[in-house]
Amino acid sequence: MTDQSETLTTRETRPDLQNRGYVLTRFGDADAMELRDLDMPQAHEDEIVLRVHASSVNPVDYKIRDGEAPFVEESALPVILGRDVSGTIENMGPDAHNMLRRGDRIVAHMGEMVRGGHARFVRVKAMEMTALPDNVDMVEAGTMPLVAMTAWQGLFDHGHLREGQSVLIHGAAGGVGHVAVQLAKAKGAKVIATAGTDDLDFVRGLGADRVIDYKKEQFEDQVADVDMVFDLVGGETRDRSWSVLRKGGVLITTLSEPDSETAAKHEVRAETYMAHPDPKALGQVVAMMADGKLKVTIAERHAFEDIRTAYDRAENGHLRGKVAIVME
């Protein structure tokens with residue numbers, strides 16, 4: 558997983574080019590991630606090498622770490638986790654876009670599960686990245702890619718949400734959910750959201766037209782005939798969501814496969830999906846951030862050396878928004 562071309566002389570004379578990263582050597586708890594010295598990645602073809610400024614922790618990261626992600630088998634180890642990165646270009650491959658320059662600000666959604674962003678330098682493919690304007694905060698950008706692409710693709714690519722339609726978003730205060738509320742509202746949809754008592758004002762502030770306290774109310778008693786349910790919670794919340802959809806509506810989820818027989822019974826469409834890199838959509842989200850039309854909420858910031866705490870807080874902290882990992 559490392560490129561052996563970097564020489565010892567380079568490491569000694571350029572300490573700023575000493576690469577380190579958290580390597581997952583076995584499935585397990587946070588101690589399974591070992592901070593190691595790594596060789597510098599090499600940019601091939603249209604790739605770049607990114608000097609990472611910020612990254613983040615997503616549920617997929619700790620699911621892989623725990624061995625609960627079926628798409629990463631033990632035979633794939635060792636791997637580096639981390640789907641989100643922001644930083645500056647350190648080096649470029651020979652076929653990199655001629656507008657790119659060393660030092661340019663970049664944000665990227667790392668598409669390969671075995672090649673992650675929890676390292677000081679990472680190799681990024683052209684189809685994973687977009688340019689980052691100077692007026693977009695680098696740390697905020699470094700927490701954005703996976704949640705934004707998950708929200709975008711769920712709402713628009715799979716759900717085909719259009720202006721004037723209604724959407725019920727479950728888990729609206731979480732990483733994906735709070736971005737989904739903003740994207741749906743910017744599209745011109747009517748946004749109904751479920752959230753806990755402490756998060757009601759937060760979700761209203763994102764632009765939701767109506768927020769239902771799932772701890773005190775049954776949303777199915779308050780909502781009917783919505784065009785789309787965006788389910789980020791699953792379980793009994795999904796079971797209760799079928800009845801609020803109009804005939805011909807759609808339930809989209811990032812979780813387990815919805816039951817096709819139940820969907821047919823209610824005369825709706827239902828599907829699950831996994832987000833993938835989309836530089837065009839990523840660029841549109843960045844443009845919204847630059848225009849002040851979308852904000853990614855950072856719940857906590859942790860230093861790169863304290864990544865195990867970042868994982869624990871992301872997994873167990875019940876936080877509002879994202880956990881950022883910042884290179885010091």
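Position in the sequence shown (first residue = 1) + 557 = my numbering.
Note that beta-carbon positions come from the ideal geometry of N, C-alpha and C, so glycine has one too.
(Q) Measuring straight from C-alpha to C-alpha, what distance separates residue 683 and residue 653? (A) 8 Å
(Q) Less than 8 Å between the C-beta atoms of residue 750 and residue 765, yes or no? (A) It is a contact, given that the beta carbons lie within the stated cut-off.
Q) Around the Cβ of residue 728, are there at least 16 other Cβ atoms within 10 angstroms (buried) or fewer (exposed)? A) By the C-beta density criterion, residue 728 is buried, having at least 16 other C-beta atoms within 10 angstroms.
Q | Among 813, 706 and 827, nearest to residue 802 - alpha-carbon criterion | A | 827
Q: Taking the CB atoms as reference points, tell me whether residue 770 and residue 757 lie closer together than 8 Å.
A: yes
Q: Look at the alpha carbon of residue 671 and the alpha carbon of residue 781, and state the distance between them as a whole number of angstroms.
A: 42 Å
Q: Report yes if the C-beta distance between residue 840 and residue 855 is below 8 Å; otherwise report no.
A: No; because the gap between Cβ atoms is not below 8 Å, this pair is not in contact.
Q) Thinking C-alpha only, which one of 714, 677 and 662 is nearest residue 691? A) 662
Q. Do residue 763 and residue 717 have their C-beta atoms closer together than 8 Å?
A. no
Q: Report back the beta-carbon spacing between residue 843 and residue 614 to the nearest angstrom; my notes put them in contact at under 8 Å.
A: Between residue 614 and residue 843 the Cβ distance is about 21 Å, and since that is not below 8 Å, they are no contact.
(Q) Taking 6 Å as the limit between beta carbons, can you name the residues of its chain near residue 704, skipping five residues before and five after? (A) The residues are 732, 733 and 736.
Q) Does the region 802-821 touch the region 780-794, meaning 3 or more C-beta pairs lie closer than 8 Å? A) yes
Q.
Spatial neighbours of residue 707 within its chain, please: C-beta separation below 7 Å, excluding the five flanking residues on both sides.
A. 733, 811 and 832
Q.
For residue 747 and residue 822, I'd like the C-alpha separation in whole angstroms.
A. 26 Å
Q: Enumerate in chain order the residues of its own chain whose CB-to-CB distance from residue 710 is below 8 Å, with the five nearest sequence positions on each side excluded.
A: 830, 832, 833, 835 and 838
Q: Quick one: using the 10 Å Cβ neighbour count with 16 as the cut-off for buried, is residue 633 buried or exposed?
A: With fewer than 16 other Cβ atoms within 10 Å, it is exposed.
Q) Do residue 881 and residue 687 have their CB atoms nearer than 8 Å? A) Here residue 881 is not near residue 687, since their CB atoms are 8 Å or more apart.
Q.
By the DSSP assignment, the beta strand (DSSP E) with residue 523 in it spans what residues?
A. Nothing about residue 523 can be read from this structure; the chain reaches only from 558 to 885.
Q: Mark residue 798 as exposed unless 16 or more other C-beta atoms lie within 10 angstroms of its C-beta, in which case mark it buried.
A: buried
Q.
My output table needs one value for residue 563: the three-state DSSP class, helix, strand or coil.
A. With a pLDDT of only 39 at residue 563, under 50, the local geometry of the prediction cannot be trusted, and no value is derived from it.
**Q.** Residue from 668, 611 and 752 whose Cα sits closest to the Cα of residue 875
**A.** That would be 752, whose Cα lies nearest to the Cα of residue 875.
Q | residue 785 to residue 820 span [Cα, whole Å] | A | 13 Å
Q) At a cut of 8 Å, does the region 861-876 reach the region 719-728 through at least three beta carbon pairs? A) no
Q) If you follow the beta strand (DSSP E) that residue 576 is part of, which residue opens it and which one closes it? A) 576-581
Q) Can you check whether the CB of residue 609 is closer than 8 Å to the CB of residue 674? A) yes
Q. Taking all protein chains shown into account, do 16 or more other C-beta atoms lie within 10 angstroms of the C-beta of residue 655, making it buried, or fewer, making it exposed?
A. exposed
Q: Identify whether residue 802 lies in helix, strand or coil by the three-state DSSP scheme.
A: strand
Q) beta strand (DSSP E) containing residue 879: first to last residue? A) 879-883
Q.
Spatial neighbours of residue 696 within its chain, please: C-beta separation below 8 Å, excluding the five flanking residues on both sides.
A. 610, 611, 643, 855, 858, 881 and 883
Q) Cα-Cα, which of 815, 759 and 860 is closest to residue 852? A) Of the listed residues, the one whose Cα sits closest to residue 852 is 759.
Q. Run through DSSP, which three-state label would residue 697 get?
A. helix
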